[in-house]
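What follows is a single structure, written as structure tokens, with notes after it.
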Amino acid sequence: MRKYKDKETNQLSKVFCNRCGKKMKVKDGIIMEGNFSIEYNWGFFSNKDCERHIIDLCEDCYDEMVREFKVPVDIEQNVELL
Ligand SMILES: [Zn+2]
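Residue numbers for the sequence shown follow the working numbering, so the first one is 54 and each next one is one higher.
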């Protein structure tokens, strides 16, 4: 994840896609486009135990990544409104 906060307002100011480097649209601290954000703590049985990996992908890179999957992504519709 490459997120940067504005030092004065402490709001999110910049987010870059880790895969392609695209700068995503951010307005008033909110990402104004599709953003796939992962924060994952690797566990004891991995080779990355105690590491926390943080990734942001733009929607195009997400779509390209999942297109390579042999087993498709499970997709459910959110029924709750914000
Ligand atoms: Zn991208």
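Using N, Cα and C, we set each Cβ at its ideal position, and we do this for glycine too.
Treat the numbers as computed from the prediction; the structure is a model and nothing was measured.
Beta-carbon spacing of residue i, residue j below 8 Å
{"i": "D109", "j": "V79", "result": "no"}
Given residue i as reference, the closest of the options once Cα atoms are compared
{"i": "Y93", "options": "K60, E61 and H106", "result": "H106"}
{"i": "G87", "options": "F98, Y115 and K123", "result": "Y115"}
{"i": "K76", "options": "Y57, I91 and N63", "result": "Y57"}
{"i": "G74", "options": "E112, G96 and D81", "result": "E112"}
{"i": "M85", "options": "V126, N131, G96 and S66", "result": "S66"}
DSSP beta-bridge partners of residue i
{"i": "C73", "result": "In DSSP, C73 forms no bridge with anything."}
{"i": "V68", "result": "K56"}
{"i": "N94", "result": "R105"}
{"i": "N88", "result": "C111"}
Residue i burial status per 10 Å Cβ neighbour count (16 or more: buried)
{"i": "C70", "result": "buried"}
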